[in-house]
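Undergrad: Below you will find the structure I want to go over with you.
Number of protein chains: 2
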Amino acid sequence: MNTDGSMELSRQLRPLLTRVYQMVRRRSPGWDVTAAQSSVLTTLLDRGPLRMGELAAVEGVRMPTATSVVARLVKLGLVERTADPQDRRAVQVGLTAQGRIQIDALSAERNANFAELLGRLSAEERGLLQAAMPAMAHLLSLDADPNLAASENDLSTALEGASNHE
Amino acid sequence: MNTDGSMELSRQLRPLLTRVYQMVRRRSPGWDVTAAQSSVLTTLLDRGPLRMGELAAVEGVRMPTATSVVARLVKLGLVERTADPQDRRAVQVGLTAQGRIQIDALSAERNANFAELLGRLSAEERGLLQAAMPAMAHLLSLDADPNLAASENDLSTALEGASNHE
DNA sequence: TGTTCATATTTAGATATTCTAACTATTAGC
DNA sequence: GCTAATAGTTAGAATATCTAAATATGAACA
């Protein structure tokens, strides 16, 4: 296997993706919430309310970590916990109105900052980036784990611009 | 301004980049060092030895944070601090042989894992991703800050596959 | 029905990360 | 040599993260 150049592409592309991601975050650090908190807010904005375990899985942390971060966000009034009537062991975590406002603002600032850089590329370069987006969405769908599947906003909506991510 | 579609592209592309980045990290969490530590190791692998302040700038954290993380990595034997003879206030931070081995291993695992996903795309999709890489490299160069410029490995080497990033 | 195992989450305790403010040491300008 | 700027560390506090253990609910079944 691997006569298709995937390994070579991975070695070139993965570092680039990492650096662009880091650059975006460095240029728009965000205000008064920590990195972990803003990541949770963005995940909830993007995927809608999640159970505690789903949130932990998406964030790539253990459940006690999710519990801890959510507890602080609740104290800040940015998210709320509601019991799941179907399964009373479970907890649904969702944004409050104030949480939505705050994370929308950060997301908009990051989009604007990134757009400024994109505007300095040539139209051809922007076209190439645009053309690569469906392949990226396909990559994401390949990773889809039934355990942390998106609910209302499924992966295809990532291309609609309706979702905002950290 | 912004009649070139940069804002719309940003709104679509930035979330995708974020999700691909998070997916890669979630699929290869790394062993015994923390996220902050592996990020520093990868930065040093990619950019070569850095001064403490440069390292903090690249990582997007304050200097005391860099000091703290480096101190732990020194204790683990993965990085070393050397005095700069030119400027005796400054400290150079670089990988030890053992540090290089460890971060090479993690980088290779992430590359292989990502390559497995890429291998499930069509050849056309891989071609589109490949074609978008120069534009990404250009984006990175636009962000170049003289304060945190790469030394031996400049940004163009990101396309050579010689560097490995978190 | 009640016992037992599995699942979802929290609590407890430890280590790591991160910040701001204040401190030390060195360099640069005059 | 003063004085100010620069590079880094130390101190102290809040947050984030982990593993192990506890709690509570759900599911299976004799």
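The listed protein sequences derive, respectively, from chains W and G.
Counting with my numbering, you get residues 7 to 172 for the letters of the first sequence.
Counting with my numbering, you get residues 7 to 172 for the letters of the second sequence.
The beta carbon of each residue, even a glycine, is placed where N, CA and C say it ideally should be.
These numbers were taken from a predicted model, which means no experiment stands behind them.
#1: Using a cut-off of 8 Å between C-beta atoms, extract the partners of G:Gly-11 located in chain W.
#2: With a 10 Å radius around its C-beta and 16 neighbouring C-beta atoms as the bar for buried, classify G:Ile-109 as buried or exposed.
#3: Should W:Glu-60 be labelled buried (16 or more other beta-carbon atoms within 10 Å of its own) or exposed?
#4: Under three-state DSSP, which class holds W:Thr-88?
#5: Is the number of C-beta pairs between the segment 116-134 of chain W and the segment 112-120 of chain G that are closer than 8 Å three or more?
#6: Measuring alpha carbon to alpha carbon, tell me which residue in W:Met-13, W:Ser-74, W:Ala-103 is nearest W:Leu-51.
#7: In whole angstroms, what is the alpha-carbon distance linking G:Pro-21 and G:Pro-91?
#8: Would W:Val-26 count as contacting chain G if we go by Cβ distances under 8 Å?
#9: What residue range is occupied by the uninterrupted alpha helix (DSSP H) comprising W:Gly-133?
#10: How about G:Leu-47: is its C-beta nearer than 8 Å to some C-beta of chain W?
#11: Quick one, which of W:Val-76, W:Glu-14, W:Met-139 has its alpha-carbon nearest W:Ala-41's?
#12: Assuming G:Gly-105 and G:Leu-47 make a contact with CB atoms under 8 Å, what is their CB distance in whole Å?
#13: Could you tell me whether the segment 133-151 of chain W touches the segment 77-90 of chain W, where touching means 3 or more Cβ pairs closer than 8 Å?
#14: So what does G:Leu-56 bridge to, in DSSP terms?
#15: Quick one: residues in its chain with C-beta nearer than 7 Å to the C-beta of G:Arg-31, no 5 flanking neighbours on either side, listed in chain order?
#16: Please confirm whether any heavy atom of the ligand COA lies closer than 7 Å to the CB of G:Val-46.
#17: Is any beta-carbon of chain W found at less than 8 Å from that of G:Gly-125?
#18: Just the Cα atoms here: how many angstroms apart are G:Ala-150 and G:Leu-15?
#19: Only counting the same chain, and skipping five residues up and downstream in sequence, which positions put a Cβ closer than 8 Å to that of W:Gln-98?
#20: How about W:Arg-53: is its C-beta nearer than 8 Å to some C-beta of chain G?
#21: If I follow the unbroken alpha helix (DSSP H) through W:Ser-12, where does it start and stop?
#22: Judging by CA-CA distance, which residue of G:Pro-35, G:Ser-12, G:Val-64, G:Arg-53 is the nearest neighbour of W:Arg-68?
#23: Could you give the DSSP three-state label for W:Gly-105: helix, strand or coil?
#24: Please report whether the beta-carbon of W:Leu-23 lies at a distance below 8 Å from any beta-carbon of chain G.
#25: List the residues of chain G that W:Val-30 touches, going by C-beta distances under 7 Å, in chain order.
#26: Just to confirm the assignment, what range does the alpha helix (DSSP H) spanning W:Leu-79 have?
#27: For W:Leu-134 versus G:Leu-19, is the C-beta spacing smaller than 8 Å?
#28: In the structure shown, what three-state DSSP assignment does G:Thr-49 receive?
#29: Under 8 Å, Cβ to Cβ, is there at least one residue of chain G near W:Asp-149?
#30: Any beta carbon from chain G within less than 8 Å of W:Ala-121's own beta carbon?
#31: Could you pull out every residue in the same chain whose Cβ sits closer than 7 Å to the Cβ of W:Ala-96, ignoring the five residues on either side in sequence?
#32: Is W:Leu-84 near G:Ser-12, with beta carbons less than 8 Å apart?
#33: Taking G:Ala-111 as the reference, give the member of G:Ala-72, G:Ser-44, G:Val-26 with the closest Cα.
TA: On the basis of the supplied data:
#1: Arg-132
#2: So G:Ile-109 ends up on the buried side.
#3: Buried: at least 16 other Cβ atoms inside 10 Å.
#4: Looking at W:Thr-88 - three-state DSSP - the assignment turns out to be strand.
#5: Counting Cβ pairs under 8 Å, fewer than three are found: no touch.
#6: W:Ala-103
#7: 44 Å
#8: yes
#9: For W:Gly-133, the uninterrupted alpha helix (DSSP H) segment begins and ends at 129-149.
#10: no
#11: W:Val-76
#12: 6 Å
#13: In short, these stretches do not touch, since the Cβ pair count stays below three.
#14: G:Val-99
#15: Hits under 7 Å: none found.
#16: The ligand COA is not part of this structure, which contains no ligands at all.
#17: So yes, G:Gly-125 belongs to the interface.
#18: Straight-line Cα distance between these residues: approximately 21 Å.
#19: Pro-55, Leu-56, Arg-57, Arg-87, Thr-88, Ala-89, Asp-90
#20: no
#21: 12-33
#22: G:Pro-35
#23: In this structure, W:Gly-105 counts as helix in the three-state DSSP scheme.
#24: yes
#25: Taking a Cβ-Cβ cut-off of 7 Å, the neighbours of W:Val-30 in chain G comprise Arg-20, given in sequence order.
#26: 69-81
#27: no
#28: Here G:Thr-49 sits in helix by DSSP.
#29: yes
#30: W:Ala-121 has a beta carbon lying within less than 8 Å of a beta carbon in chain G.
#31: Arg-57, Asp-90
#32: No, the Cβ-Cβ distance between W:Leu-84 and G:Ser-12 is not below 8 Å.
#33: G:Ser-44
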